[in-house]
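Notes follow once the structure below has been shown.
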Amino acid sequence: MKKIERRDFLKKSSLAVAGASVLTACNSKSESSGPAIINKKKYEWKMVTTWPPHFPIVGEGADKLAKEIEEVSEGQLKIRVYGGGELVPALESFDAVSQGIAEMGHGASYYWAGKIPASQFFTSLPFGMNSIQSFAWLQNGGGNELWKEAYESFNLIPFSAGCTGGQMGGWFNKQIKSANDLKGLKIRIPGIGGKVYTKAGGSAILSAGGEIYTNLERGVIDAAEWIGPYHDYLMGFHKISKYYYYPGWHEPTGVLELLVNKSAFESLPKNLQNLIEVTAASYNIKMLSEFEAKNVEYLEKIKNETDVKVEKFSDDVLDSFKKYSEEVIEEIVTSDPMSKKVYDSYSKFQKGSNKWVEMSQSNYNIS
Ligand code: CA
710 MKKIERRDFL
720 KKSSLAVAGA
730 SVLTACNSKS
740 ESSGPAIINK
750 KKYEWKMVTT
760 WPPHFPIVGE
770 GADKLAKEIE
780 EVSEGQLKIR
790 VYGGGELVPA
800 LESFDAVSQG
810 IAEMGHGASY
820 YWAGKIPASQ
830 FFTSLPFGMN
840 SIQSFAWLQN
850 GGGNELWKEA
860 YESFNLIPFS
870 AGCTGGQMGG
880 WFNKQIKSAN
890 DLKGLKIRIP
900 GIGGKVYTKA
910 GGSAILSAGG
920 EIYTNLERGV
930 IDAAEWIGPY
940 HDYLMGFHKI
950 SKYYYYPGWH
960 EPTGVLELLV
970 NKSAFESLPK
980 NLQNLIEVTA
990 ASYNIKMLSE
1000 FEAKNVEYLE
1010 KIKNETDVKV
1020 EKFSDDVLDS
1030 FKKYSEEVIE
1040 EIVTSDPMSK
1050 KVYDSYSKFQ
1060 KGSNKWVEMS
1070 QSNYNIS
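Heads up: the sequence shown begins at 710 in this note's numbering, then just goes up one per residue.
Okay, structure coming up:
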């Protein structure tokens, strides 16, 4: 056995040496005819995003991702990033990349639920998996393959590229003591979470990030969910809200998405295709780490520097959210076969993963 491993290693090493000598040969050739980079075809791409221009963390993440691809490719692939509304309206990014108006798009897959109902399962699910479990499902549980399959007919390839981590339940100007207090509540919340509030007797309003503050301040809405302590603080919601509720049952993670036009991707040389894939993947952990670290700091700021009451949803309220979430998901999967296929894979993976998380992480005292 040892011998085989050794032989295998030697074989790989000799290939690496052969590769190195090819590189040397190329270099010496390019030295006489100018730098090799001049001979490489250059690409100039556009990236549209669902974020306001240079929006903190998530939009900046898209900016950094583009810059990193340009730097690592030594200028071979240059990507100009457009905030929402700069080239096309934020929520038209999907169509723009699908039609090749831009080669790339950055946002979140659940924005496209109207076109592809199954897309919403790739961002987050109420009472679903946390960030690490979600990455495990995408990478090793068949999630990425299903995501690609769902987007195939739109000439798009999706990659996960960024993550908000677990979120908060939201900012409220009414105290929520029981499920009864959800009746008549006007809340800004997208996706499945919004449908859950509607079932609970409230009304869900979808508004873009920039409008939430004013709507909450003027009492147009009673509540709004956004992300978590770090980003919410930057948005200023603590200045106009009385309560900050947890947990973010509706978004136990928030996986962000890089869309790439499939024809444009396939026209790239292999090195640039790989670079896009690797850089996108690196943003999952880079952004998640930033949120996880800064949420701690900003939660303390909210608790210590403001009058906001940080409260937990009661069991009664969480039980209602759970019951209605199951109903909403059931309605989606019974009306759309692809959603059923994705949810079957997701929920099977979650059941197994939860057992492992419980065994490995819940059996010791963390305080
Ligand atoms: Ca959210």
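Built from N, CA and C at the ideal position, the CB exists for glycine as well. Predicted model, so just to flag it, every value in this text is computed and none were measured.
**Q.** L732 versus Y922 - alpha carbon distance
**A.** Any reading at L732 must be qualified, since the residue scores a pLDDT of 39, below 50, and its modelled position is unreliable; no value is offered.
**Q.** Classification of M1068 by the beta-carbon crowding that lies within 10 angstroms, buried from 16 upward
**A.** exposed
Q | Helix, strand or coil at V1005 [DSSP, three-state] | A | helix
**Q.** Separation of L796 from W754, as counted between CA atoms
**A.** 13 Å
Q. Relative to ligand 1, is the shortest distance from any of its heavy atoms to the C-beta of I936 smaller than 7 Å?
A. yes
**Q.** E854: CB within 7 Å of a non-hydrogen atom of ligand 3
**A.** As for ligand 3, it is missing from this structure, which binds only ligand 1.
Q: Grab the span of the beta strand (DSSP E) containing A870 for me, first residue to last.
A: 865-872
Q: Return yes when at least one heavy atom of ligand 1 lies under 7 Å from the C-beta of Q876, else no.
A: yes
Q: Take S869 as the anchor and find which of A859, N993, G910, N1072 has the nearest alpha-carbon.
A: N993
Q. Do you know how far the Cα of L847 is from the Cα of E986?
A. 14 Å
Q) Which residue comes first and which comes last in the alpha helix (DSSP H) that contains E1020? A) It is not in any alpha helix (DSSP H) - E1020 instead sits in the beta strand (DSSP E) that spans 1018-1021.
Q | Identity of the residue in N980, T1015, K1012, G792 nearest E783 by Cα | A | N980
Q. Smallest Cα separation from Y1052: which of I778, F836, H815, V806?
A. F836
Q. Of the residues D804, A775, V1026, I866, which one's Cα is nearest the Cα of K971?
A. I866
Q: Just the C-alpha distance for S730 and G851, rounded to the nearest angstrom, thanks.
A: Confidence in S730 is poor, its pLDDT being 36 and thus under 50, which makes the residue's placement unreliable; the coordinate value appears in the next sentence. Each residue's alpha carbon lies about 38 Å from the other.
(Q) In the DSSP assignment, the alpha helix (DSSP H) including F881 goes from what residue to what residue? (A) Segment 879-881 is the beta strand (DSSP E) holding F881; no alpha helix (DSSP H) there.
Q: Please look up how many angstroms separate the CB atoms of A817 and L965, rounded, as I've assumed it's under 8 Å.
A: 6 Å
Q. Alpha carbon to alpha carbon, how far is K738 from Q785?
A. At K738 the pLDDT is 41, less than 50, meaning the model places this residue with poor confidence; the figure from the coordinates comes in the next sentence. C-alpha separation (whole angstroms): 20 Å.
Q) By a C-beta neighbour count over all protein chains shown, 10 Å radius and 16 as the cutoff for buried, is C735 buried or exposed? A) A caution first: C735 carries a pLDDT of 39, below 50, which makes its placement in the model too unreliable to give a value.
Q.
Quick check on the burial criterion: 16 or more other C-beta atoms within 10 angstroms. Buried or exposed for S1029?
A. buried
**Q.** Contacts around S1076, its chain only, beta-carbon distance under 8 Å, and the 5 residues preceding and following it disregarded
**A.** none
**Q.** For K904, the three-state DSSP class (helix, strand or coil)
**A.** helix
Q. Using 8 Å as the Cβ pair cut-off and three pairs as the minimum, do the segment 1019-1028 and the segment 807-817 touch?
A. no
**Q.** Three-state secondary structure assigned by DSSP to W856
**A.** helix
Q) Distance, Cα to Cα, D941 vs P826? A) 28 Å
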